[in-house]
Amino acid sequence: MDVGSNIRSLRLARGLTQEDLAATLFVSRQTISHWESNRTSPDAQSLVMMSALLEVSVDTLVKGGVETMVEVQAQQARRTRVSWASGALIGLAGCAVVAPPLVAAMGPLPGGMLSLAPLATALAVSGAARARGREDASLSVLREALRSGLVLHLVARGAPRDISVTVKDEQGGTPYIIEHTARVVRGERWVIRDHAGHRVARVSYRLLTAGIQTPSLEARIEGVGTVSLRKDMRLGSGYRGMAAVWGLSGCDVGISGNWLDDRIELTRAERSLAELSFSPSENDEAIELRVCRGADTNLAVCLTFLLALVRAEERRLHAAR
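The sequence shown maps to residues 370 to 690 in the numbering used here.
Listed below in structure tokens is the structure:
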């Protein structure tokens with residue numbers, strides 16, 4: 370895949386429009402369009418900024434294209450030379466204007482040295498402007514990356530044993546793929562992959578038999594560990610008869626409210642991790658997941674899938690009554 374296609378797919382996977390990316394990188398939307406169509410190539414600074422914003426390495430952006438990187442570096446060098454040359458020309462023009470009166474008034478040596486001030490000033494201003502632009506742009510990227518959010522739409526169809534879930538972003542991209550991989554005795558297995566095909570988690574659904582069949586959900590999430598959702602049937606003084614209780618273990622995430630409500634919030638370390646909105650219909654359930662970008666995104670997606678399985682299980686039991 371070429372550099373332009375990589376930029377486009379990563380941008381769509383993060384839920385960004387061309388205008389969003391252009392505003393963050395301080396370029397025009399047309400520039401982004403030219404990059405994605407390979408009419409022009411981003412310079413080294415833009416590649417570094419995009420790697421921070423899109424949360425990938427520069428190597429992932431260019432996919433090892435040595436020729437592309439050489440050309441990008443050459444373009445950056447040419448632009449730097451042009452910038453300094455422009456500053457030098459402006460400074461020399463100023464020297465030419467102020468030199469004659471200064472030499473006449475102060476003599477050749479002191480007047481000549483003082484007349485170089487416009488050149489030194491022009492070069493200093495040019496360098497400071499470039500440095501300030503890089504600093505402002507980098508800070509802008511960090512601010513955008515920290516405060517920007519991701520909205521995903523999941524549609525879950527079927528019962529737990531035959532559930533299928535599709536994941537789309539606001540631009541119609543597919544940032545995650547949830548694929549059924551195996552059917553085992555009293556259970557099912559899935560794998561969750563990101564847009565690049567990297568495995569995010571392996572999920573299993575099992576019916577445990579200990580006098581009564583109870584479901585158990587387990588997700589082995591990369592970088593997190595094993596997260597479990599288990600349903601215990603117990604008789605307690607606070608319940609009227611047998612009550613179903615789901616317990617979450619293996620991570621420090623809390624789930625607020627009734628898990629079968631239309632709105633649920635995931636919290637972590639006393640802050641909001643994600644917000645989920647459920648819209649059930651006759652044949653499926655649409656889920657809107659709003660989550661902050663960052664390392665917790667994969668965890669939020671995996672927990673959302675587990676909750677979709679929980680709700681499918683409860684719908685199955687309710688229909689069987």
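Beta carbons: idealized from backbone N, C-alpha and C, even for Gly. Predicted model only: the values in this text are computed from it and were never measured.
Practice item. Could you tell me whether the Cβ of L521 comes closer than 9 angstroms to any Cβ of chain B? Key: Considering every chain present, this structure includes no chain B. It has just one protein chain.
Classify T550: buried if its beta carbon has 16 or more other beta carbons within 10 angstroms, exposed otherwise. T550 comes out exposed.
Quiz item: Taking C-alpha atoms, which residue in R632, R680, E548, A382 lies nearest to D653?
Solution: Closest by alpha carbon: R680.
task: Classify A691 as buried or exposed, calling it buried when 16 or more other Cβ atoms lie within 10 Å of its own Cβ.
output: Look at the range of the chain in this structure, 370 to 690, and you will see that residue 691 is not part of it.
For R568, does the count of other Cβ atoms within 10 angstroms reach 16, so buried, or fall short, so exposed?
The residue is exposed, with fewer than 16 neighbouring Cβ atoms inside 10 Å.
Limits of the alpha helix (DSSP H) - the one that V593 falls within:
Looking at the DSSP string, V593 is not in any alpha helix (DSSP H), and its letter there is neither H nor E.
Review point. In its own chain, which residues sit with a C-beta less than 7 angstroms from the C-beta of S641, not counting the 5 before and 5 after it?
Key: Cβ-Cβ distances below 7 angstroms link S641 to E634 in the same chain, with the five nearest sequence neighbours on each side left out; the list follows chain order.
Write down the C-beta distance between H522 and A655 rounded to the nearest angstrom, noting that I regard them as a contact closer than 8 angstroms.
-> Rounded, the Cβ-Cβ distance is 7 angstroms, consistent with contact.
message = Taking the beta carbon of G541 as the centre, do at least 16 other beta carbons fall within 10 Å, making it buried, or is it exposed?
response = With fewer than 16 Cβ atoms within 10 Å of its Cβ, G541 is classed as exposed.
**Study point:** Sequence-distant residues of the same chain with beta carbon closer than 6 angstroms to E548, five excluded per side
**Key:** These residues qualify, in order along the chain: V560.
key: Where L675 falls: helix, strand or coil (DSSP)   = Three-state DSSP puts L675 in a helix.
Item checked: Backbone CA spacing between R555 and S573 [nearest angstrom] -> Straight across, the Cα-Cα distance linking R555 with S573 is about 11 angstroms.
> If you draw a straight line from the alpha carbon of G619 to that of C671, how long is it in whole angstroms?
Replying inline: Between G619 and C671, the C-alpha separation is close to 13 angstroms.
Item checked: Residue environment, S415, which counts as buried when at least 16 other CB atoms sit within 10 Å -> So S415 ends up on the buried side.
- Query: Helix or strand or just coil, what does DSSP make of E682?
  - Reply: In the three-state DSSP reduction, E682 falls in the helix class (H, G or I).
- In the DSSP assignment, what are the bridge partners of T583? Residue pairing from DSSP places T583 in a beta bridge opposite L577.
Taking C-alpha atoms, which residue in Q399, M419, A392 lies nearest to S378?
For the residues Q399, M419, A392, the minimum Cα distance to S378 belongs to M419.
Go ahead and label R408 buried or exposed: buried means 16 or more other beta carbons lie within 10 angstroms of its beta carbon, across all protein chains shown. The C-beta of R408 has fewer than 16 other C-beta atoms within 10 Å across all chains shown, which makes the residue exposed.
#### Entry: Backbone secondary structure at H567 - three-state DSSP
H567: coil per DSSP, three-state reduction.
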